[in-house]
Structures are given as structure tokens and as C-alpha cells.
Amino acid sequence: MVGRELYRLLQCPTCNSRDLAVYAEYVLCAGCRNQYPIHKGYIDLMPRQTEFDYISKYVSEEESMGEELDYREMAPPLLAAGVRHRQIRRMLELKPTDIVFDNACGNGRFGLWNADAVGLLVGSDPAVLFADQALAEMELAQADSRRLPFVDGAFDKSLSVDVLEHFPRDVIHDYLVETARVLKVGGRVAIFSNTREMSPIQPIINISKRLGKFFVKQGVYDFEREARRKSDHIKDLKTWDDVEAALVEAGLKPVKVVFWNSVFTSFVEHVLMKLGESLIAKRRTAKAASATVLTDEAVNASAGAQREIVARRAMRRHLTKSSPIYWALYTITLLMELDLWLFGWMRTGPYFVLAEKVEGRYVPAPLPAEE
0 MVGRELYRLL QCPTCNSRDL AVYAEYVLCA GCRNQYPIHK GYIDLMPRQT EFDYISKYVS
60 EEESMGEELD YREMAPPLLA AGVRHRQIRR MLELKPTDIV FDNACGNGRF GLWNADAVGL
120 LVGSDPAVLF ADQALAEMEL AQADSRRLPF VDGAFDKSLS VDVLEHFPRD VIHDYLVETA
180 RVLKVGGRVA IFSNTREMSP IQPIINISKR LGKFFVKQGV YDFEREARRK SDHIKDLKTW
240 DDVEAALVEA GLKPVKVVFW NSVFTSFVEH VLMKLGESLI AKRRTAKAAS ATVLTDEAVN
300 ASAGAQREIV ARRAMRRHLT KSSPIYWALY TITLLMELDL WLFGWMRTGP YFVLAEKVEG
360 RYVPAPLPAE E
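Here numbering that gives the first Met the number 0 is used: the first residue of the sequence shown is 0, the next is one more, and so on.
See the structure below:
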């Protein structure tokens, strides 16, 4: 969806001019004369005449990543995504008057899940792997987070989910600087990401992982799709101290942090849900499963990813609030959320952080020296 409210937030991502003219098929910058095409559901606002050293795999391999991700259909916020959604929403304390930005929004699911609570929610991502519902109902831009196409102080709040672990340190710096720039003074951003730190209770968490590896060796299921999704993880912020430093360097003050020590989550993700997906896939006949996958872009996905996609699509049809399956998964989501309530104070890799844009004129700090 491209609505009038989005246009008033825009500036040219190439020259920063606000002198923009909107036509039926494109937005024209009067400053640099670049045209930005309006597509079905989003605007292409990538900076022109600009080259970046780092390009995400989601951009450079967009077609093949799309085949593995099964991104076009939306599901309710359940399981691990549901835990992320609920914690982000608690941290941001969203209000009906808020203008909110989902920076590197992926298919747009976290934005859509929060759009009902705010006045306007805008998402951007350099890869146009947007869900059909997001294209229809959400304000979207194809944009690079290092040169955002929004004016200073455009947003009250922002969210960032599963993003920072993909970037090298200099890109993280630029991403956070731009996030701070488009936030109002006192505006807040809620971030979920990972470092390389191990949990103090890692041996307990590893029990579920070892059990999952056992089932993989037995050929019951595999983690091909998950491995593909995480194949470009860098985790250049190695510790929580690195995260704090990066936020401060960008003009963002950490306000609250909750760590995700995945005791219950690990069992759900490595054992319970994988067994369930395997059972669903096996119960479907080979003919029905083939028809489900081969009708669209998932035809080129790996065998393991195809099995998971078949199972998840079968489940999505039952995920309405009148279905007992929905409430069973909702209960499992609450079980996973116990990891935050019981162990959220113990430092580990996965973290949620709420940070606030500091008052006063923001001047970016120099990048830290490479180690």
C-alpha cells in the first residue's frame, strides 16, 4: 500500500532533497532529477548513483532466498516469532498517535502485527520479499538502511527484528545512525538480535539441541531451511558490551535489556515443532504434497525446505482463533516466553534492547578501530 501519509515523511535518498513531485507511476526529485518508481504496494526508494561495499544475501540472492523463505503468506504471531512480537510490543508501549518505523522489515510481518496499535506504521527493506498482506495493508518502501528516504525526526518509535546479526560493524554503525536520525528526540527503538555470548545455563539448553541432532541423524527431519536463513549471519557485535557501545556511538541510549536464554524455546524449536512438522508432512500423500509445493516458487527449494513449507502451509489453514490448533500453539508460545520472565536477567547471545535517542544536537561518533 502506498498512501498519502507516507509521502509527507519522504526525502530523496540520493541527495536528501524534500522537493519531491508525485506522479502516477513514480516520485520525481527536483534536486537530482532521479525518478523512484511506484510499484504495486511499495515505492522503490533505493539511492541512485550509490555503491555500497556490503550487500546482504537477501538482496544479492533475492530470488533463491525467496524460494526458501515461503514469505508471501502471513500467519498469526505464534511460537518464536510470537515471543519476539510480544516483547517488542511491551517495550515500545505503542500508542494510537505513534508513527512507527520497521527498519529492514523483511516480509513485513512484525509491522503488520503492530499496525493496529498505532497511527501509522511504515516498513522498508532493500529486498522486496514482502508478504501479499503487507503489500495490501502496510506502507512500504524498498530502501537501504544506510541511506533512509525519510526526513529527520519522522518517527516516534522504531523496531528492528533479526537484523543486526547480518551486518559487519561499519554497516551496523550506519544502520543505527540512520535509525537515530529518523527518530524524534526522545524517540525509542526496540531491537532484537544476537551476539556470540553463551548462556550460563548453556549445558541445559544444549540437551534439546543434542536431542534434535539425534532425530536429524535418524532422518526424521533436518534444519536445512533454518541454516539457509542464517547463512549470512556475521554477529560482528560479539558481546553485549559491543552492542551497548554501538548504540551509544549512534546517539542511542540503552534503556532496558532482556536476554533470551532459550531453555523452553530450544526444546520447542529443536524437537517439538520439528517432530510435528515431520508428522504433518508424512501424513499428506506424496501427490498432495507435490501439488502443494510445485504450484509456485517453492518448487526450487531444497527437499528439507519443501517438507517444512508443506507442513507450515497445512498448519496455516487452521490458525484461526476458532481452531484448537491455534490455542495449542498460543499456549506453547507462552511456555517459550517463560525464558524471558525466568532467565531474562542472565547475559547470553539473543537479546531485546530498548534504546532512546538522546536529547540535543546529534553528532555521530567516529567508528571504532578494527580489532
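Beta carbons: idealized from backbone N, C-alpha and C, even for Gly.
Check: Contact check, residue 76 vs residue 84, beta carbons under 8 Å; Outcome: yes
Check: For residue 199, the three-state DSSP class (helix, strand or coil); Outcome: coil
Check: Residue 38 - DSSP class collapsed to helix/strand/coil; Outcome: strand
Check: Three or more C-beta pairs below 8 Å linking the stretch 202-222 and the stretch 167-183; Outcome: no
Check: Pairwise C-alpha distance: residue 137 and residue 1; Outcome: 8 Å
Check: Separation of residue 270 from residue 42, as counted between CA atoms; Outcome: 41 Å
Check: Cβ contact (3+ pairs, closer than 8 Å) linking the stretch 258-273 and the stretch 338-358; Outcome: yes
Check: Reduced DSSP secondary structure (H/G/I, E/B, other) of residue 321; Outcome: coil
Check: Residue burial classification, residue 373 (beta-carbon count within 10 angstroms, cutoff 16); Outcome: Outside the shown range of the chain (0 to 370) lies residue 373, about which nothing can therefore be said.
Check: Between the CA atoms of residue 358 and residue 67 - distance to the nearest angstrom; Outcome: 43 Å
Check: C-alpha gap between residue 266 and residue 348, whole angstroms; Outcome: 17 Å
Check: Bridge-paired residues (DSSP) for residue 156; Outcome: 99 and 187
Check: Cβ distance (whole Å) where residue 122 is taken to contact residue 147 below 8 Å; Outcome: Wrong, their Cβ atoms sit about 12 Å apart, outside the cutoff.
Check: Cβ neighbour criterion (16 or more within 10 Å) applied to residue 126; Outcome: buried
Check: Cβ contact (3+ pairs, closer than 8 Å) linking the stretch 160-170 and the stretch 198-212; Outcome: no
Check: Cβ-Cβ distance between residue 376 and residue 252 below 8 Å; Outcome: Because the chain here runs from 0 to 370, residue 376 falls outside it and cannot be looked at.
Check: Residues bridged to residue 251 (per DSSP); Outcome: 356
Check: Cβ neighbour criterion (16 or more within 10 Å) applied to residue 220; Outcome: buried
Check: Distance between residue 17 and residue 183 (C-alpha atoms, nearest Å); Outcome: 18 Å
Check: Whole-angstrom distance between residue 73 and residue 111, CA atom to CA atom; Outcome: 9 Å
Check: Boundaries (first-last residue) of the alpha helix (DSSP H) holding residue 63; Outcome: 61-68
Check: Contiguous alpha helix (DSSP H) assignments of at least 4 residues, all confined to the stretch 125-177; Outcome: 131-136
Check: Alpha-carbon to alpha-carbon, residue 181 and residue 154; Outcome: 6 Å
Check: Which of helix, strand or coil DSSP assigns to residue 29; Outcome: coil
Check: Cα-Cα separation between residue 282 and residue 276, rounded to whole angstroms; Outcome: 10 Å
Check: Cβ pair residue 11, residue 19 closer than 8 Å; Outcome: yes
Check: Buried versus exposed call for residue 54 [16 or more other C-beta atoms within 10 Å across all chains shown]; Outcome: exposed
Check: Assigned exposure category for residue 209 - 16 Cβ within 10 Å defines buried; Outcome: exposed
Check: Reduced DSSP category for residue 262 - H, G, I as helix; E, B as strand; rest coil; Outcome: helix
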